[in-house]
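**Q** Before I ask anything, let me first share the structure, which is written out below as structure tokens.
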Amino acid sequence: MATSAGTRLAAWRTGWARRENARRRREHERASSVWARADAELRSLAATARTPRPVAADQVPWLDLRPGERVWWHSPSVRLVRAAGPVPTLRRPRFHDFTPSQLAGPFDDRVPAELRLVDTGPLAITDRRVVFGGAERREWALVRIASLAHDPDRALTWLSAGGPHDGPGSGLMLDPYAVAGFRFHLIRALAEIAGRRTVFAAHLERLRAAHQRERPLPPSTARPADAPNPLTLPLAALARLYAGPSGASAARRVTQCVAGVAVTLALASMALPALPAFPRPSTTPAGTLAAAGLGGAEVDTENLGPHGPDQVNADSDAQGLGPDAGRTSDPSPRASRTRPNGAVTPRQPTPATREPSPSAGGGQGRGRDLPAQDPANSAGSSRAGHSAGLSGSAGSARSSGSARSSGSAGSSGSGAAGPSGEADRCGAPANPYGYHFCTTGRPIASPEPGICGYFRCTTDFWAGTGFLVQCRDDAISMDGGHRGACAGHRGVLRMLRAAPGR
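Positions 1 to 502 (full-length UniProt numbering) are the ones given, in order, by the sequence shown.
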């Protein structure tokens, strides 16, 4: 077992090292690609600053060039805008402040609401001036440009020549692709008109040398021994899930933590088993209980002993065998549970007499109902049976007839209690539904809604899906016929039945 776990851990560490090396190579390739593009751009800018190449005059036919004038850059479409309010602070043009980041984007070329579009036309930068060829031609002499400002977010450059026709609110809105060329050639033309072109080229070379020192180094090789603990990644992911990323604000961390805990609790409540159902409230009116004499403390639901002669059928009912008659035996008395006030209220068993089952035909065996005997007469019955066995078949017939006559006498004697007497219910509480503990009758799979007003129901009574049984702690349950019925009530004692006609 330990060897297998060690092998799996070694394989995981090897796979981690392979994946980590691949990730490091991808990151190095991306960083090297970005660095190479920036290096090529700096090299091109430095070469252009040292030896600029002018644009052919036929590419700007709208521009009237002066003798000896050369064009460094041009664009076919530029918008002239004017500010309705204050403009950014303009500074004197200084080439040593130039960095490639001023040429990077992205730039927004939409004219904002605070600017007013004045004109649209081509634009050109020469070695002497900046010329705008719109409906009304405008130009800014390089030697007279006093200040400028590049908007870092928009493709907008503010120019001020300090003349009477050009206030501080004039700007040029270019296309995003033309921003880098315009800004570079403008600052290079200003450096050349000031006689500092070589100094500007040297500045670009220094920028490139600094960029060379920032070249990404090849990544180190990850080894299996460098693999983290296998629990580190799941714990880090769990912390990120509940607490948010490391750079998140406190408000976001709290919100994400509360949301994560709420989702976890919801999933846990769905995964846990359903809680036991509580008993339904009785729908029987209180007056009915009072009329039946069951509305007060007179109802004895705490007795643990057998009620009547049905103790002989307790084992068969506990197995869910249905109304199968059992053999007659002497009832064994049980102790009664004491009430909270200390009083003991034992229930005296009342014998009940049953007629033999018609289906049995008066024969012997388990297919007939035997008459219940009173404990006081059990000895006499035994002696009569013994005498019958010695006298042969004639004695058996006389014993059988004596038993039937004895049963008839017992039945007529107990009939004084009436059809609603406790003997007919075999110890069951009085109830308007005819439910009893006797061995005759049908099992009850759909009890009346008010049954819990007459019997003591278990806590999860209405969650049961079987038939009615009485547990050994005197409570009734709907789990009859299922394995584990009355599991929390010391097991099944007997079955609760209904009259055949109900």
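From the three backbone atoms N, C-alpha and C, an ideal C-beta is built for every residue, glycine too.
Determine the closest residue to Ala36 out of Pro230, Glu214, Gly260 and Ser477, with distance taken between C-alpha atoms.
**A** Looking at the Cα atoms, Glu214 is the closest of the given residues.
**Q** Return the chain-ordered ranges of every alpha helix (DSSP H) run that is complete within the region 177 to 210 and spans a minimum of 4 residues.
**A** 179 to 193
**Q** Residues in its own chain within less than 8 Å of Phe437 by CB, not counting five upstream and five downstream?
**A** The residues are His307, Gly308, Asp310, Arg425, Cys426, Gly427, Ala428, Gln470, Arg494, Met495, Leu496 and Arg497.
**Q** Just the Cα atoms here: how many angstroms apart are Phe95 and Leu231?
**A** If I take the Cα positions, the gap works out to 55 Å.
**Q** Which same chain residues, not among the five before or five after Arg91, have their C-beta less than 8 Å away from its C-beta?
**A** Ser147, Leu148 and Ala149
**Q** So, are the CB atoms of Phe184 and Leu103 less than 8 Å apart?
**A** yes
**Q** Would you list the one or two residues that DSSP bridges to His150?
**A** In the DSSP output, where bridge partners are listed per residue, His150 has Thr157.
**Q** What distance in whole Å lies between the Cβ atoms of Ala155 and Asp119, which are believed to be in contact at a cut-off of 8 Å?
**A** Wrong, their Cβ atoms sit about 17 Å apart, outside the cutoff.
**Q** How big is the Cα-Cα spacing for Asp474 and Arg456?
**A** 7 Å
**Q** For Gly260, which residues in the same chain have their Cβ closer than 8 Å to its Cβ, ignoring the five residues on either side in sequence?
**A** Leu241 and Tyr242
**Q** Under the DSSP definition of a beta bridge, which residues are partnered with Ala498?
**A** In DSSP, Ala498 forms a bridge with Arg442.
**Q** With DSSP as the reference, please indicate the residues paired to Arg30 in a beta bridge.
**A** In DSSP, Arg30 forms no bridge with anything.
**Q** Can you confirm whether the region 243 to 251 touches the region 26 to 41 when touching is taken to mean that 3 or more C-beta pairs between the two stretches lie within less than 8 Å?
**A** no
**Q** Could you check which residue in Ala430, Ala178, Gly434 and Thr126 has the C-alpha nearest to that of Tyr454?
**A** Ala430
**Q** So the alpha helix (DSSP H) Leu265 belongs to, where does it begin and stop?
**A** Ala250 to Ala271
**Q** Indicate whether Ser75 and Leu123 have their beta-carbon atoms separated by less than 8 Å.
**A** yes
**Q** Measuring only the C-alpha atoms, how far is Val78 from Phe132?
**A** 8 Å
**Q** Considering only C-alpha positions, which residue in the set Ala189, Val111 and Asp127 is nearest to Asp153?
**A** Val111
**Q** State the Cα-Cα distance for the pair Asp58 and Gly181, rounded to the nearest angstrom.
**A** 20 Å
**Q** DSSP three-state label for His482, please.
**A** coil
**Q** According to DSSP, is Ala56 part of a helix, a strand, or is it coil?
**A** coil
**Q** When burial is assigned at 16 or more other CB atoms within 10 Å of the CB, is Gly441 buried or exposed?
**A** buried
**Q** How about Ile125 and Trp72: are their beta carbons less than 8 Å apart?
**A** Taking 8 Å as the cut-off, the beta carbon of Ile125 is found closer than this to the beta carbon of Trp72.
**Q** Would you mind giving the Cβ-Cβ distance between Leu42 and His203, rounded to the nearest angstrom? I have them listed as a contact below 8 Å.
**A** Rounded, the Cβ-Cβ distance is 11 Å, inconsistent with contact.
**Q** What does a CB cutoff of less than 8 Å around Arg472 pick up in its chain, not counting 5 residues either side in sequence?
**A** Only residues of its own chain outside the window of five on either side were considered, and among them Leu304, Cys486, His489, Arg490, Gly491, Val492 and Leu493 have a CB closer than 8 Å to the CB of Arg472, listed in chain order.
**Q** Rounded to a whole number of angstroms, what is the C-alpha to C-alpha distance between Leu186 and Arg137?
**A** Cα to Cα, the separation comes out at about 19 Å.
**Q** Residue ranges of each beta strand (DSSP E) run of no fewer than 3 residues wholly in the region 31 to 110, ordered along the chain?
**A** 71 to 83
**Q** My output table needs one value for Cys452: the three-state DSSP class, helix, strand or coil.
**A** helix
**Q** Using 10 angstroms around the beta-carbon of Leu267, count the other beta-carbons present and answer buried if the total reaches 16, otherwise exposed.
**A** exposed
**Q** Starting from Pro234 and walking both ways along the alpha helix (DSSP H), at which residues does that stretch end?
**A** Thr232 to Ala243
**Q** Assign Ser101 to buried or exposed, taking buried as 16 or more other Cβ atoms, counted over all protein chains shown, within 10 Å of its Cβ.
**A** exposed
**Q** Among Pro224, His28, Leu115 and Phe200, which residue has its Cα nearest to the Cα of Met173?
**A** Of the candidates Pro224, His28, Leu115 and Phe200, the residue whose Cα lies closest to the Cα of Met173 is Leu115.
**Q** What does the Cβ neighbour count give for Ala262, buried or exposed, with the cut at 16 atoms within 10 Å?
**A** exposed
**Q** Per DSSP, what kind of secondary structure is Glu136 in: helix, strand or coil?
**A** coil
**Q** Measuring CA to CA, which of Thr221, Gln256, Pro432 and Gly450 is closest to Trp16?
**A** Thr221
**Q** Within this structure, are the beta carbons of Pro219 and Ser32 separated by less than 8 Å?
**A** no
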